[in-house]
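**Student:** Once you've had a glance at the structure underneath, I'll fire off some questions.
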Amino acid sequence: MPAADLILKNAVILTMDEAFHIYEPGAIVIRGDTIVAVGSENEILNQYTTLQMIDCQGKVLMPGLINAHTHVPMTLLRGLADDLRLDVWLLGYMMPVEREFVSPDFVRLGTQIACAEMIRSGVTTFADMYYFEDDVARTTAEIGMRAVCAETVLKFPTPDAQSFEEALTYTRDFIQRWRGHPLITPAVGPHAPYTCTAEMLQAAAELALEFDVPLHIHISETQQEVETMRLEQGMPVVPYIKKQNVLQAKVIAAHCVHIDEGEIRTLVHHNTGVAHNPSSNLKLASGIAPVKRMLELGVNVGIGTDGPASNNDLDMFEEIRLASFLAKGASSDPTALPARQTLAMATRLGAKALHIGDQVGSLEPGKRADLILVDLRAIHNSPRFHRDSQGIYAQIVYAAKSTDVTDVMVNGRWLMRDRELLRINEADLIRASQDYARRIDYFLIQREQSLLSKLLALGEETAEEESFEVQAKVAVDDPALIRQIIESHPDIEILRQRHYQEYDTYFLFAPPENSRLRFREDHFVEPDGRVSRVRTRLTLIGPSREGQFAKQVLLSRSRYLATATHSLRFYREYFKPQQMIEIEKERYRYLVRFQGTEFFVNVDSVTHPPLGHFLEVKSRTWSRKDAEQKSQRVVDLIQLLGASPEKTISQDYIEMILQDTPSTHT
20 MPAADLILKN AVILTMDEAF HIYEPGAIVI RGDTIVAVGS ENEILNQYTT
70 LQMIDCQGKV LMPGLINAHT HVPMTLLRGL ADDLRLDVWL LGYMMPVERE
120 FVSPDFVRLG TQIACAEMIR SGVTTFADMY YFEDDVARTT AEIGMRAVCA
170 ETVLKFPTPD AQSFEEALTY TRDFIQRWRG HPLITPAVGP HAPYTCTAEM
220 LQAAAELALE FDVPLHIHIS ETQQEVETMR LEQGMPVVPY IKKQNVLQAK
270 VIAAHCVHID EGEIRTLVHH NTGVAHNPSS NLKLASGIAP VKRMLELGVN
320 VGIGTDGPAS NNDLDMFEEI RLASFLAKGA SSDPTALPAR QTLAMATRLG
370 AKALHIGDQV GSLEPGKRAD LILVDLRAIH NSPRFHRDSQ GIYAQIVYAA
420 KSTDVTDVMV NGRWLMRDRE LLRINEADLI RASQDYARRI DYFLIQREQS
470 LLSKLLALGE ETAEEESFEV QAKVAVDDPA LIRQIIESHP DIEILRQRHY
520 QEYDTYFLFA PPENSRLRFR EDHFVEPDGR VSRVRTRLTL IGPSREGQFA
570 KQVLLSRSRY LATATHSLRF YREYFKPQQM IEIEKERYRY LVRFQGTEFF
620 VNVDSVTHPP LGHFLEVKSR TWSRKDAEQK SQRVVDLIQL LGASPEKTIS
670 QDYIEMILQD TPSTHT
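Those letters in the sequence shown? Residues 20 to 685, per the working numbering, in order.
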């Protein structure tokens, strides 16, 4: 009889193959890293001999679970920022902290913690996307787990690349180092269509095709993402990435929450794998993916936890159960996604979704020896009925827990025996993680104390001008008359003029923060009344008065200006102002030269709240002496325009609104 390295006997074997064969009692034969035979115990023991026989004591023996989408180093960011929308969570907290702290050491430690957690919950393979993916791969291989590791590519600087060209160079080298490894499948990771340009998506697809490796990408995770794509590109997300040739690669598409039937059929046609992430999508209120319809149309759908910073755990038993319940609840059909099909998603279909179905996902001869033992004798699993042979799937999906996993093998090597991890020291990892937590806490506490720090943390283009402004704002009765004088007076030279509709939202903060943040949306109005373009900007306004001159002319510091690349809602949720004030006005703006000095002259009609009409005159200056001289010229210009400096009001409208009707603007 042929000899084997190891035989596991006396088990309830769920092969999770295409026919869903079950053997009870069953046995499995392993030689090296490969499964040689699976079948009934009597047949196996009559055909094979071994020097190492393990009695599984009636436990369930099944393929290891496959976590189809995660970001494993983010275990070190678990619990950092919760109960936020995806964009605020990602752009306001995760990415700023990552830019500050993510390093090879961070990645190695986070990966070790994740591997320990996943092994304990029966995961043998995971699909990762992060930075310094070479360190993720090396750490994973040293521990002995299997992974598809995708190096992240983004359109802005990341912890391991200052440009997408640099990221692609890193990815190319990474792929070449790890191709053919028995445990690691390297991959390309363009983060998402909204964080990559068309050029980047095309380049990533070309790289994946060149080396025949998977391409891991986030797709249609939120409704906002889809609506923005329709608005900017005139099509949904899946057609857009198809246009960039992305679907020619072996794609692992994470989320796919908001896709229609046509898009699903496109994914089927291109053999795209989908990673369903039920906990993360619910926690971030992204929605419920149409998994039932995807499966009906033939998509290979796996199950993922997503990163431990958005889940917040890596427990695949929890994900499997929730995936089944979600499909039933969303479809109002209790027969949707039955237990056997859900467990297939976490094993065989998950492997196909990752494009490694020829290696793992089921217990069949020729496949790698990746398996787990699950003990169903605990009280929460009792009793077990035998009337229906398929009931064991429901037992695993609806009743079993990750703590029931007792043993884990990957590639023929034990990683956990009797709940004891063989290659990881958990106590050391916990101590090291607390050191990172203390440092990140301090960083965020310091950041939260300054509006400027929070603004800079977004990574948006921010500029500070070290000049002063001399300015005055005057109430006027007839703005048309003011404009007529500006446009006709011989002592005033018009250098530039524009017409806007301006929509301002001021964020006010509790003391001791004296600054204000203004979100401005400028609509450029053409002479025929048509709006030609829209510009949005953030302005951080410091304390309003640096000095004061005759006639209430003020000297104030310049502002910090930043391009507003997100919605007003995003900034409101990110900055958390104590109070908000909205102002709408029509503005005619002139850049003029008067008495040898350039001035900006704004003629405003404030329509909301109905405050009336105002003339604003201001000029930049570089010294206090120069400011005193220009303050008199400001007064002279105001008088020339027929306004009275005695009607000068505060530097902006905010004090007026707060003084008159504060309760209506909170």
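Virtual Cβ for every residue (Gly too), placed ideally from N, Cα, C. All of these numbers come straight from a predicted model, not from anything done at the bench.
1) Would you list the one or two residues that DSSP bridges to F618?
2) How many whole angstroms separate the CB atoms of M148 and H40, which I take to be in contact at a CB cut-off of 8 Å?
3) I'd like to know whether the C-beta atoms of A206 and A169 end up nearer to each other than 8 Å.
4) Within this structure, are the beta carbons of V107 and V31 separated by less than 8 Å?
5) Is the beta carbon of V293 closer than 8 Å to that of A268?
6) Which stretch, first to last residue, makes up the beta strand (DSSP E) that contains D523?
7) Quick check: the Cα distance between A224 and V265, rounded to an integer number of angstroms?
8) Taking buried to mean at least 16 other C-beta atoms within 10 Å of its own C-beta, is S408 buried or exposed?
9) How is the beta strand (DSSP E) around Q490 delimited, first residue to last?
10) Okay, do the stretch 532-552 and the stretch 634-654 touch, 3+ Cβ pairs below 8 Å being the bar?
11) Are R196 and L226 touching if we call contact CB-CB under 8 Å?
12) Determine which residues share a DSSP beta bridge with E433 and list them.
13) Grab the span of the alpha helix (DSSP H) containing V256 for me, first residue to last.
14) Which residues share a DSSP beta bridge with A22?
15) Check the C-beta distance from I415 over to L362 and give it rounded, since I have them as a contact under 8 Å.
16) Nearest-angstrom Cα distance between L587 and E251?
17) Whole angstroms is fine: what's the gap from T366's alpha carbon to L475's?
18) Within 10 angstroms of its Cβ, does A22 collect 16 or more other Cβ (buried), or is it exposed?
19) Less than 8 Å separating the beta-carbons of V320 and A372?
20) Which parts of the stretch 319-385 are runs of the alpha helix (DSSP H), unbroken and 4 residues or longer, counting only runs that do not cross its ends?
21) Taking a contact to mean a Cβ-Cβ separation below 8 Å, would you say I322 touches A349 in this structure?
22) Determine the extent of the alpha helix (DSSP H) in which V310 is found, giving its start and end residues.
23) From D102, I132 and A166, pick the residue whose C-alpha is nearest to that of F145; which is it?
24) For D74, which of helix, strand or coil comes out of DSSP?
25) Under a three-way DSSP split, which group does E540 fall into?
26) Can you grab the Cα-Cα spacing for the pair C275 / F175, in whole Å?
27) Would M219 pass as a contact of V172 if the rule is Cβ separation under 8 Å?
28) Would you call E485 buried or exposed, if buried means 16 or more other Cβ atoms sit within 10 Å of its Cβ?
29) As a quick exercise: from I459, Q378, A46 and V611, pick the residue whose alpha carbon is nearest that of R639.
30) Can you tell me the Cα-Cα spacing of F193 and I375, whole angstroms?
31) Using the DSSP secondary-structure output, state which residues sit across from C168 in a beta bridge.
32) Specify whether the stretch 523-543 and the stretch 504-513 touch according to this definition: at least 3 beta carbon pairs, one from each stretch, less than 8 Å apart.
33) Quick one: what's got a C-beta closer than 6 Å to N330's C-beta in the same chain, skipping five residues either side?
34) Do you know offhand how far H684's Cα is from R591's?
35) Measuring alpha carbon to alpha carbon, tell me which of Y412, F487 and E605 ends up nearest P82.
36) Determine the closest residue to R104 out of Q243, V429 and D523, with distance taken between C-alpha atoms.
**Tutor:** Taking the geometry as given:
1) Under DSSP, the beta-bridge partners assigned to F618 are V611.
2) Taking C-beta atoms under 8 Å as the contact rule, M148 and H40 fail to qualify, at a distance of about 34 Å.
3) Yes, they are a contact pair.
4) Contact flag unset, no.
5) No. Outside cutoff.
6) In the DSSP annotation of this structure, the continuous segment of the beta strand (DSSP E) that includes D523 starts and ends at E512 to L527.
7) About 5 Å.
8) Around the CB of S408, fewer than 16 other CB atoms lie within 10 Å, so the residue is classed as exposed.
9) Bounds of the beta strand (DSSP E) holding Q490 are F487 to V495.
10) By the C-beta criterion, the stretch 532-552 is judged not to be in contact with the stretch 634-654, since fewer than 3 inter-stretch pairs fall below 8 Å.
11) Contact flag unset, no.
12) Before going on, a small fix: residue 433 reads as Trp here, not Glu. According to DSSP, residue pairing for W433 in a beta bridge involves M428.
13) Per DSSP, V256 belongs to the alpha helix (DSSP H) from V256 to K262.
14) A22 is bridged to T68.
15) The pair is a contact, with the Cβ atoms about 6 Å apart (cut-off 8 Å).
16) Taking the straight line joining both Cα atoms gives about 18 Å.
17) When rounded, the separation of the alpha-carbon atoms in T366 and L475 is 44 Å.
18) Counting C-beta atoms within 10 angstroms of its own C-beta, A22 has fewer than 16 neighbours from the protein chains shown and is therefore classed as exposed.
19) For V320 and A372, yes; Cβs fall inside 8 Å.
20) Counting only runs of 4 or more residues that sit fully inside the stretch 319-385, the alpha helix (DSSP H) segments are 335-350, 358-364 and 367-372, in chain order.
21) In this structure, A349 does not lie closer than 8 Å to I322 by Cβ.
22) V310 -> alpha helix (DSSP H) spans V310 to L316.
23) Among D102, I132 and A166, the Cα nearest to that of F145 belongs to A166.
24) Annotated three-state conformation of D74 is strand, per DSSP.
25) Correct three-state label for E540: strand.
26) F175 has its alpha-carbon roughly 24 Å from the corresponding atom of C275.
27) M219 is a Cβ neighbour of V172, given a cutoff of 8 Å.
28) Reliability of the predicted coordinates at E485 is poor, the pLDDT of 48 falling under 50, and the value obtained from them is presented with this limitation in mind. Answer is exposed; the Cβ neighbour count stays below 16.
29) If we check each option's Cα against that of R639, V611 comes out closest.
30) Between F193 and I375, the C-alpha separation is close to 19 Å.
31) Per the DSSP secondary-structure output, C168 pairs in a beta bridge with D147 and P205.
32) Judged by Cβ distances under 8 Å, the stretch 523-543 makes no contact with the stretch 504-513, as fewer than three pairs qualify.
33) For N330, where only same-chain residues beyond five positions count, the Cβ hits under 6 Å are S298, S299 and T324.
34) Residue placement at H684 cannot be trusted, given a pLDDT of 38 that sits under 50; the coordinates are not used to answer.
35) Checking every option, the nearest Cα to that of P82 belongs to Y412.
36) R104 has its Cα closest to that of Q243, out of Q243, V429 and D523.
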